[in-house]
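What follows is a set of notes on a single structure, which appears directly below.
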Amino acid sequence: MKKTKVLLLLSIVSVLGSCAPKSTSNTGKPTYTPSSITDNSTKEPEVVNVESVSITNEISTLNLGDDYEIAYEVLPANATNKKVSFSSSKPDVVSVDRSTGKLTANASGTATITVKTEDGDKTDSFDVLVPVAVTGINIALNASSVYVGDEVDFTVSVLPEDATDKSYELTTTTADLLSIEGKKVTAIKEGHASLTAKAGSIEKTINFDVRKPIESVEFDEIKTVLETALIKEKTNSNGGSWKHKKLDLTTEEKQYDWTVYTDSIQKRITSSEGEYVDDLTFIQANSESKNYLHNIIDTTSQT
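Just so you know, we're using our numbering here: the sequence shown kicks off at 17 and counts up by one.
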C-alpha cells in the first residue's frame with residue numbers, strides 16, 4: 017500500500033513537470049518556446065481578384081427574330097468571384113438576358129453588347145448588326161431586241177431600297193444561249209433564253225428571244241405621213257427577224273429619203289440629190305443604244 021502511494025505521487029510530479037516552463041529568464045520569470053504554444057484561431061482564405069473577361073464567340077450579324085447565347089471567359093481561372101452581367105446599348109434592336117447572355121434580334125440596326133465582371137468591373141464588348149432583310153427582287157430587259165453577239169441590257173432591283181445586302185447573282189438555264197461573267201451577260205446563240213437574278217433565297221426570272229443579227233435589208237415602201245415615216249422591209253438575207261419601225265421626223269428631215277447604206281445595216285438620211293446630209297448620225301439596225309438620228313427614232317412595233 018505504501019509502495020502504491022509512492023508511485024502515484026511520482027506520476028503526478030512527472031505530469032506537472034511537463035507543464036512547467038521550459039526555462040526561466042534572468043528575472044526568474046518563465047519563458048515558453050514557440051512549439052509549446054497552440055494557435056486555435058481560423059485562417060482567412062486568400063482572395064484571387066479578376067484580371068480580365070473576354071467574349072469567346074462574338075458574332076457580327078444576327079437576323080431578325082434569331083437568338084444567340086454568349087460564351088465568355090474570366091481570368092485567372094481561379095478567381096474568387098467570377099460573376100458577370102450582360103447589357104445592350106440598344107435593347108430595342110438586340111436585347112440580352114442580364115444573367116445568361118442570351119441575345120434576341122428585335123429590329124434592324126446595330127447594338128453594342130457588353131459583359132461586365134462583378135469583381136473589378138472588367139469588361140469586354142462587341143457590335144452586332146441586325147440587317148434589313150431582302151423581301152423581293154425584280155429583273156427587267158431594257159432592250160426591245162437581243163441579237164447574237166449583243167451584251168444583254170437589263171436592270172435588277174433588290175427590295176426594299178434600304179436592304180442591308182443588295183448583292184445578287186445571275187444564273188441561266190440556257191447556258192448554250194447566254195454567257196454570264198459576273199454581271200455581264202452576252203448572247204451567244206439564237207433561241208429562247210432565260211436569265212435569273214437571285215438575292216439570298218429570293219429570285220426572279222425573265223425570258224426573251226435571242227435573234228440572228230441582220231446582215232442586209234431592202235425596203236419596198238417608204239412614205240412620209242405628217243410627222244412619221246413607216247418603213248416596211250422587203251427581204252432579210254440571213255433569215256433574221258426585223259420589225260417595222262415608226263420614225264418620228266422633224267419638218268426638215270421629212271424631205272429626205274431612207275436608203276440602205278452598207279451590208280452592216282447602216283441607214284442614213286440623204287437629200288433628194290443623194291448627197292450626204294451634214295450633222296445627221298448614221299444608224300445601225302442591230303444597235304440597241306438608240307442614241308441616233310437626234311433621238312427621233314421610236315422602236316414601237318407596227319403591224
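Glycine included, each C-beta is placed from N, C-alpha and C at the ideal position. Please read these numbers as outputs of a predicted model, since none were measured by experiment.
Taking Cβ positions, are residue i and residue j nearer each other than 8 Å?
i, j, result
"VAL146", "GLY117", "no"
"ASP143", "ASN122", "no"
"ILE204", "VAL164", "yes"
"ASN94", "VAL64", "yes"
"SER195", "THR202", "yes"
"PHE159", "LEU186", "Just to set this straight, residue 159 is Ala in the shown sequence, not Phe. No. Outside cutoff."
"VAL66", "VAL90", "yes"
"THR72", "TYR88", "yes"
"VAL110", "THR120", "yes"
Within its chain, find whatever has a CB closer than 8 Å to the CB of residue i; leave out the 5 residues flanking it on each side and keep chain order.
i, result
"LEU175", "VAL150, THR151, GLY152, ILE153, ASN154"
"VAL148", "SER124, PRO176, ASP178, ALA179, THR180"
"ILE86", "ILE71, ASN73, PHE102, VAL112, GLY117, LYS118, LEU119, ILE129, VAL131"
"ASN79", "ALA121, VAL146, PRO147, ALA149"
"SER115", "SER101, PHE102"
Tell me which same chain residues have a C-beta within less than 6 Å of the C-beta of residue i, skipping the five on either side of it?
i, result
"LYS15", "The displayed coordinates of the chain run from 17 to 319. Any statement about residue 15 would go beyond what the structure contains."
"THR128", "SER105, SER141, ASP143"
"LYS199", "none"
"ASP166", "ALA203"
"GLU60", "none"
Does any residue of chain C have a CB that is nearer than 8 Å to the CB of residue i?
i, result
"SER68", "Absent here is chain C; the protein component of the structure consists of one chain."
Return the chain-ordered list of same chain residues with a C-beta closer than 7 Å to the C-beta of residue i, the five sequence neighbours on each side being excluded.
i, result
"PHE224", "LEU157, VAL162, ALA209"
"GLU206", "VAL164, VAL226, ARG227, LYS228"
"ASP192", "LYS205"
"GLU62", "none"
"PRO92", "VAL64, GLU67"
"ASP83", "LYS118, LEU119, THR120"
"ILE75", "TYR84, VAL144"
What is the C-beta distance between residue i and residue j, in whole angstroms, given that I count them as a contact (C-beta under 8 Å)?
i, j, result
"LEU211", "ILE222", "6 Å"
Can you check which of these residues, the options, is closest to residue i by C-alpha distance?
i, options, result
"THR133", "SER68, LEU193, TYR184", "SER68"
"ALA215", "GLU197, TYR184, ALA191, ASP192", "TYR184"
Do the stretch 90-104 and the stretch 134-141 make contact, defined as three or more Cβ pairs closer than 8 Å? yes
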